[in-house]
Structures are given as C-alpha cells and as structure tokens.
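To convert a position in the sequence shown, counted from 1, into the numbering used here, add 2.
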Amino acid sequence: MSANPAILERPDPAGPPSAAAPQRFEVRPFANGIGAEIVGIDLGRDLNAEDFGRVHRAHLDHHVVVFRDQRITPQQHIDFSRRFGKLMIHVLHQFHLAGHPEILIISNIVENGRPIGLGDAGKEWHSDISYKELPALGSLLHAQELPSEGGDTLFADMELAYKTLPEHLRKVVEGRNAIHSYLARYDRLRGQSNWRPTLSAEQIAQVKEVSHPVVRTHPETGRRALFVSEGFTTRIEGLPEDESRQVLDELNAHAVRPEHIYRHQWQPHDLLFWDNRSLIHLAAGCPPDLRRKLFRTTIEGDAPF
C-alpha cells in the first residue's frame, strides 16, 4: 500500500532549500517487497522539495531505504537527518562522536584499551528507542569501516507480521499495552560483554520504562503494525506474568519469520534509513578481529497510538 499522498505534501521540516537543483536518482524496490535502494543521489548536496518528497515517499512505502555510495561528512549526515524531524541524543554519551552529540558511534573497535563505540549494538531484535515516551521515527546508519565478512543488518516488517498474525494472538493483544524498558536489556547485555559502561544516576533517570500499544498505527500512513521486541518489551499489561511471557515469545517468534525479513549486506559508504514505527532490526555480528564502525542518527517520532 502506498503512503497517503496528502501526508507527503507537508512542508519540509527544515524548510525546502529553494535554490537546490534537481537530482536524477532512481528508487529500486527489492524483490522480496521489503526495502529499496536509492541510486544516483548525493546527500552531500541540498535536496529540493520535490526530490525530498520522493525520498520521503520511498521511506514510507518500503520501510527501509539504502542510499548507495554516500561520501558525506558527519555534519551533512546530521543536516539530512534533521529534515525529517528533531534528532534524539542517545543516553550513552560515552559513545557520541566528538563535536557531534547527535551521532552515536556503533563500533567494535578498541583504542587505548577503551571501546570507541557501542560494540554490541543491535544484538537483539528491537525498534530504536522504543523505551521513550516519544520513540524513534527512524534511524540513519552510515558505514565508515566495514568488515571483510559478516556485519549484516536484518530488518523484520512488523506491518506484515501484524497482517499475518494468528487469530488467537490477535484477540489477546488487541487494545493492550506493553512495557518497554532500556535497563532490562542493558543490564542483561552488560553481563554478557564489556562493551557497556556503568550508567550514572542521571543516565538511569533518562530511561524510565514506558507503556506503548502492542499494535500501533503508523501516524503517516495509517497502517497497523506490531510494536514489541525481544530487546525492549518486558511484559504485556493486564496479563498474568506467565501468560505475558508466553504471548511475547509467540509474537517475537512470529515477527521474525523468514518471509518477514530483509537482510542488508553492507557496501562501502552505504547510508541506511529505516522506519522504527514499522520495523525491528538485528545486527548479525562479525568476527571480533575485523573492524566495524558506523555512525547513527535517530529522529524523534510521535507518541504511539
């Protein structure tokens, strides 16, 4: 289903650069129906309103878009991201890019005995920052250094997962909310590796658990999607603990069925832009001796409904 054209006519949040020349680029949907690549665009240049509208439409229609060969600076990355809305500053300030707190470094590189970025980011299926009252609209991840093997990122289509949800699960979750917690996942992963620093009291105060609908409506397209994940969703409200755990396990298993998944194999200078309102994602990992570094911005979204 295409996005509502009326939504796409809204003004550019950053104000359209009127003097920007049009760019010739193609949107090429992937064969499995999830994702598309955008070829021939240079995000280091301003996009006029029409080109920006085409990119916006592709993002809504395909959930995740891949901009190939983007040799852009961190500031250009930030400027493009900001055209879609307010940027979120990640709680792990230890891994902000110097001079650019809008960028979170995702990396397994250790320098002088200290990790330069979050080395186990994406280890479990999740939607970015679903643990906030205003979860992420989308995230933009730009490849800086890629390993010679591994390092893929997987995306699961939660709109498709909802459409194919078994009736017994649909009846259980309809109208219910679930709790999302950053700390539950953080403590679990911190116990498995040395990547994550101890959080300060101030950081802990930034990530109080929140309640969101199990099934959310996309604010721009009206499509419905599951909004739970193994990474951040800890329980379904109004159900006994054992039933909540069983239902969440069934929802998580259903969401990541092979037919719901796009697997991205990174190419140098790829920039991925995905919709956290309709997808969950997972980092497949790579050999620890192979360097991997990416820069991520995250756009603030709306309160789920």
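Cβ atoms here follow ideal geometry from the backbone N, Cα and C, with glycine treated the same way. Values in this document were obtained by computation on a predicted structure and should not be read as measured data.
Excluding the five sequence neighbours on either side, which residues of its own chain have a C-beta within less than 8 Å of the C-beta of Ala286, listed in chain order?
-> The residues are Gly152, Gly153, Asp154, Thr155, Leu156 and Arg265.
What did DSSP end up calling Lys210 once you bin it into helix, strand or coil?
-> For Lys210, the secondary structure class from DSSP, reduced to helix, strand or coil, is coil.
In DSSP terms, what Ala227 is bridged to | Partner residues in the beta bridge of Ala227, as assigned by DSSP, are Arg218.
Less than 7 Å separating the beta-carbons of Arg294 and Asn110?
-> Yes, the Cβ-Cβ distance between Arg294 and Asn110 is below 7 Å.
For Asp277: DSSP bridge partner residues = Asp277 is bridged by DSSP to Gly140.
Strand pairing of His256, partner residues [DSSP] | As far as DSSP is concerned, His256 takes part in no beta bridge.
Count the CB pairs spanning the region 122 to 130 and the region 79 to 86 that are closer than 8 Å, and state whether there are at least three.
-> These segments do not touch.
Identify the continuous beta strand (DSSP E) that holds Ile263 and give its terminal residues.
-> Looking at the DSSP string, the run of the beta strand (DSSP E) that includes Ile263 is Ile263 to His266.
Thinking C-alpha only, which one of Gln205, Ile36, Thr166 and Lys173 is nearest His64?
-> When Gln205, Ile36, Thr166 and Lys173 are compared, the shortest CA-CA separation from His64 is found for Ile36.
Does the region 179 to 191 come close enough to the region 230 to 241 to have 3 or more Cβ pairs within less than 8 Å?
-> Contact check between the region 179 to 191 and the region 230 to 241: three or more CB pairs, one atom from each, fall below 8 Å, which counts as touching.
Beta carbon of Glu161 nearer than 7 Å to that of Arg225 = Yes.
Are the beta-carbon atoms of His61 and Val67 separated by less than 7 Å?
-> Yes, they are a contact pair.
Inspect the beta-carbon positions of Glu222 and Lys88 and report whether they are closer than 7 Å.
-> The answer is no: Cβ separation not under 7 Å.
Take the Cβ of Pro7 as the centre, count every other Cβ of all protein chains shown within 10 Å, and call the residue buried at 16 or more, exposed below.
-> Residue confidence is low: Pro7 scores 37 on pLDDT, short of 50, so the model does not pin down where it sits. Its coordinate-derived value is still stated next. By the 10 Å Cβ count, Pro7 comes out exposed.
Bounding residues of the alpha helix (DSSP H) (the contiguous stretch that carries Arg298) | Per DSSP, Arg298 lies in no alpha helix (DSSP H) segment; the continuous beta strand (DSSP E) that holds it begins and ends at Lys295 to Glu302.
Thr155 - partner residues in DSSP beta bridges | Among the bridge pairs identified by DSSP, Thr155 is matched with His266 and Ala285.
Quickly, what does DSSP pair Pro199 with across the bridge? List them, please.
-> Answer is none; Pro199 lacks a bridge partner.
Mapping DSSP to helix, strand and coil, what is Pro242?
-> Looking at Pro242 - three-state DSSP - the assignment turns out to be coil, as it is neither helix nor strand.
Would you report the Cα separation of Leu94 and Pro306, rounded to the nearest angstrom?
-> Leu94 and Pro306 have their C-alpha atoms some 24 Å from each other.
Taking Glu252 as the reference, which of Asp272, Trp268, Val230 and Pro270 has the closest Cα?
-> The residue with the shortest Cα to Cα distance from Glu252 is Val230.
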